[in-house]
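Student:
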Amino acid sequence: GLGVWVGLPFSPPISPAPTIVLMIVVANCVHLLVALQQRLRAGDSRHDAIVESIRLNLHPVFLASLTTALGFLSMNFSEVPPYRHLGNFVAFGIVASFILSVTFLPALLSLLPIRAAKDRRLPEPTMHRLADFVLRNRKAIIWGWLLIVPMLILAIPRNELNDVLVHFFDESVEFRQDTDFMDERLSGNTLLEYSLEASSEGGVTDPLFLAEVSDFAAWYREQPPVRHVATITDTFRQLNKSMHGDDPAAYRIPESQELAAQYLLLYELSLPQGLDLNNQIDRSRSATRVTISAETLYSQDVLDLNARAEAWLEENAGHVAGVNSTGPAALFAYIGQRNIRAMLVGTVVVLLAISAILLVALRSLRLGLISIVPNVIPAVLGFGVWGLTVGQVGLSLSVVVAMTVGIVVDDTVHFLSKYRRARREYGQGPEKAVGYAFDTAGRALMTTTVVLVAGFLIFVFSPFVPTAQVGVLTAMIIGFALIADLSLLPALLTMVDRNASEKGAARS
37 GLGVWVGLPF SPPISPAPTI VLMIVVANCV HLLVALQQRL RAGDSRHDAI
87 VESIRLNLHP VFLASLTTAL GFLSMNFSEV PPYRHLGNFV AFGIVASFIL
137 SVTFLPALLS LLPIRAAKDR RLPEPTMHRL ADFVLRNRKA IIWGWLLIVP
187 MLILAIPRNE LNDVLVHFFD ESVEFRQDTD FMDERLSGNT LLEYSLEASS
237 EGGVTDPLFL AEVSDFAAWY REQPPVRHVA TITDTFRQLN KSMHGDDPAA
287 YRIPESQELA AQYLLLYELS LPQGLDLNNQ IDRSRSATRV TISAETLYSQ
337 DVLDLNARAE AWLEENAGHV AGVNSTGPAA LFAYIGQRNI RAMLVGTVVV
387 LLAISAILLV ALRSLRLGLI SIVPNVIPAV LGFGVWGLTV GQVGLSLSVV
437 VAMTVGIVVD DTVHFLSKYR RARREYGQGP EKAVGYAFDT AGRALMTTTV
487 VLVAGFLIFV FSPFVPTAQV GVLTAMIIGF ALIADLSLLP ALLTMVDRNA
537 SEKGAARS
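Quick note: to get this note's numbering, add 36 to the position in the sequence shown (first position is 1).
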């Protein structure tokens, strides 16, 4: 609501924002409610249970909200304004959700008739068994991750940056059906534009320049995906033919610049009132436009075709002083490349920022460095699986890593906060501290992950294909994050932290 009120435009890429914020709000509340129920079952009064729930979760919920907001704010590195707006929408919603979770929710709970939920003795024993399994098999778990992660890293290069603008819409959408009809039976959906500049004012009538423009058009007509080429040279050829009694042999470029200029003037004077050639040549007669219509092409194919065209001009068009390539297809293809580079920078920045925050918040260089591992691996696994199954990375997926890195940190923050509390407040060893973290945070982590995965999988039903793809990949990454946090993270903690404790005891 605030975003629209301040003037941010609402577009299809922004439509998932309310759902994303709702999922994160639920995740924050789940941690508070699970802790509340645990304290109520332990015999605390409602007031004491609420206070203890806030005490246990205020710090991790704050860190989780902060890192998640930073992840979405990193989308401001994107070259695509709608994705920047999406990041800002969600980041503001996350801030509001944190404030409401630690103020309004406790106040509401204090007024409601809350009782301890029936303890079915299922989640806690399950967490105990899972913790015991991880502790018994920590070496095998680490070796398993060391085997799986490199294999999926090798699959990441299988992803190609390929997009088709008209394929952003599902085939059930009328616009998509119309564009498919146009592609099959008319001129195609890919439009490329070239502005070819002559060496001087009025140079567009130079026969040498026109001959090179004509050769360029002929080269393009030979390319398989091209359906039609529109250029001013065809007009000059037709004028020359008409001025020679419609002799087919005269269908050629005028022999002199003066003759071409006279033909051009005569043609402009014969046009109906209100029509001119300004859509094909500029006012100074120093540049002309070439329009290419082709069948539907992926963005990489557009870039390759455009690169070959510019290389041909560089090699064969000595009288063409300058070339500007544009058009919807080229613009879309190039912005995809630029967005990838921009979001790589944004991802690195947000990773460094989140890592620094965790180092300061956990007050431990060792724990801070360990926490980075389960936060990086999920994105690696997600894009590796995507490379093996789909292999096409569109413009929308370029923001997924930066967007999800803040979300997947949440599980790590809650697990490490409980582990650190057991180590420092209760003096427990690494193994028992891991068990305490499983008991106090494991159930909430599973619940929030189910909520987030289910919420993002809802996007699969969107007719806007980029939204559906973001939902699938994000859900996959969040699922991998839970597996990493409940298997790899405890194994690393018990091995690294125990070795550090043993060395400290030996020095003592």
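For glycine and all other residues, C-beta sits at the position ideal for the given N, C-alpha and C.
Predicted model only: the values in this text are computed from it and were never measured.
Among the candidates Pro96, Ala176, Val338, whose CA atom is the shortest distance from the CA of Ile393?
Tutor: The residue with the shortest Cα to Cα distance from Ile393 is Pro96.
Student: Could you tell me the alpha carbon to alpha carbon distance between Ala105 and Ser114, rounded to whole angstroms?
Tutor: When rounded, the distance between both Cα atoms is 16 Å.
Student: According to DSSP, is Leu313 helix, strand or coil?
Tutor: Three-state DSSP puts Leu313 in coil, outside helix and strand.
Student: How big is the Cα-Cα spacing for Gly224 and Met218?
Tutor: Approximately 6 Å between the Cα atoms of the pair.
Student: With a CB to CB cut of under 6 Å and the five nearest residues on each side skipped, what residues in its chain are close to Gly129?
Tutor: Closer than 6 Å at the Cβ level, and outside the excluded window around Gly129, lie Val57.
Student: Please classify Asn411 as buried or exposed, where buried requires at least 16 other C-beta atoms within 10 Å of its C-beta.
Tutor: With 16 or more other Cβ atoms within 10 Å, it is buried.
Student: DSSP state of Asn276, grouped into three classes?
Tutor: Looking at Asn276 - three-state DSSP - the assignment turns out to be helix.
Student: Starting from the C-beta of Val126, find all residues in its chain whose C-beta is less than 7 Å away, skip the five residues before and the five after it, and write them out in chain order.
Tutor: So the qualifying residues of the chain are Ala53, Ile56, Val57, Phe108.
Student: Could you check whether Ala511 and Val489 sit closer than 8 Å to each other, using their CB atoms as the reference points?
Tutor: The answer is yes: Cβ separation under 8 Å.
Student: Just how far apart, CA to CA, sit Ala357 and Thr425?
Tutor: In a straight line, the C-alpha of Ala357 is about 46 Å away from that of Thr425.
Student: Within 10 angstroms of its Cβ, does Ile135 collect 16 or more other Cβ (buried), or is it exposed?
Tutor: Its Cβ having fewer than 16 others within 10 Å, Ile135 is exposed.
Student: Nearest-angstrom Cα distance between Leu387 and Val441?
Tutor: So the two alpha carbons sit approximately 7 Å from each other.
Student: Is Gln428 helix, strand or coil when you go by DSSP?
Tutor: Here Gln428 sits in strand by DSSP.
Student: Hey, how far is the Cα of Leu121 from the Cα of Leu509?
Tutor: Position check: residue 121 holds His in this sequence, whereas Leu was assumed. The alpha-carbon atoms of His121 and Leu509 are separated by roughly 20 Å.
Student: Does the separation of the CB atoms of Thr226 and Ala365 fall below 8 Å?
Tutor: Yes; because the gap between Cβ atoms is below 8 Å, this pair is in contact.
Student: On the three-pair Cβ rule with 8 Å, is the region 303-312 touching the region 203-211?
Tutor: Segments in contact, no.
Student: Thinking C-beta only, is Ile317 closer than 8 Å to Ile268?
Tutor: It is a contact, given that the beta carbons lie within the stated cut-off.
Student: Nearest-angstrom Cα distance between Leu275 and Pro499?
Tutor: For Leu275 and Pro499, the distance between alpha carbons rounds to 49 Å.
Student: On a CA-only basis, which of Ile513, Leu403, Ala397 is nearest Ala94? Give me that one, please.
Tutor: According to the sequence provided, residue 94 is Leu. The question's Ala does not apply to it. That would be Ala397, whose Cα lies nearest to the Cα of Leu94.
Student: Identify which residue in Ser231, Ile178, Thr324 has its Cα closest to the Cα of Gly238.
Tutor: Of Ser231, Ile178, Thr324, the residue nearest in Cα terms is Thr324.
Student: Quick one: using the 10 Å Cβ neighbour count with 16 as the cut-off for buried, is Gln505 buried or exposed?
Tutor: It counts as buried.
Student: From Leu524 to Leu401, what does the alpha carbon distance come to, in whole angstroms?
Tutor: In a straight line, the C-alpha of Leu524 is about 18 Å away from that of Leu401.
Student: Within its chain, find whatever has a CB closer than 8 Å to the CB of Arg374; leave out the 5 residues flanking it on each side and keep chain order.
Tutor: The answer, listed in chain order, is Glu115.
Student: Given a threshold of 16 other Cβ atoms within 10 Å of its Cβ, counted over all protein chains shown, does Gly382 qualify as buried or as exposed?
Tutor: It is buried - the Cβ of Gly382 has at least 16 other Cβ atoms within 10 Å.
Student: Quick check on DSSP: helix, strand or coil for Leu228?
Tutor: Note: Leu228 maps to strand in three-state DSSP.
Student: Quick check on Lys14: buried or exposed, where buried means 16 or more other Cβ atoms within 10 Å of its Cβ?
Tutor: The requested residue 14 is not part of the displayed model; the chain covers only 37 to 544.
Student: Is any heavy atom of the ligand MN found at a distance shorter than 7 Å from the C-beta of Gly79?
Tutor: No copy of the ligand MN appears in this structure; indeed no ligand is present at all.
Student: Please classify Leu520: is it buried, with 16 or more other beta-carbons within 10 angstroms of its beta-carbon, or exposed?
Tutor: It is worth fixing the name first, because residue 520 is Ala in this sequence and not Leu. Ala520 should be labelled buried.
Student: Mind checking who Leu197 pairs with in its DSSP beta bridge?
Tutor: Val429.
Student: To which residues does DSSP link Thr362 through a beta bridge?
Tutor: DSSP lists Glu229 as partners of Thr362.
Student: Could you have a look at Arg75 and say whether DSSP puts it in helix, strand or coil?
Tutor: DSSP places Arg75 in helix when its eight states are reduced to three.
Student: Would you call Ala527 buried or exposed, if buried means 16 or more other Cβ atoms sit within 10 Å of its Cβ?
Tutor: It counts as buried.
Student: Nearest-angstrom Cα distance between Ser467 and Arg456?
Tutor: Rather than Ser, the amino acid found at residue 467 in this sequence is Glu. Roughly 12 Å separates the two Cα atoms.
Student: With DSSP run on the structure shown, which of helix, strand or coil describes His355?
Tutor: His355: coil per DSSP, three-state reduction.
Student: Taking the C-alpha atoms as reference points, what is the distance between Ala85 and Arg377?
Tutor: Going by the C-alpha atoms only, they are around 48 Å apart.
Student: Within the continuous beta strand (DSSP E) that includes Ser329, where are the two ends?
Tutor: 323-330 is the extent of the beta strand (DSSP E) around Ser329.
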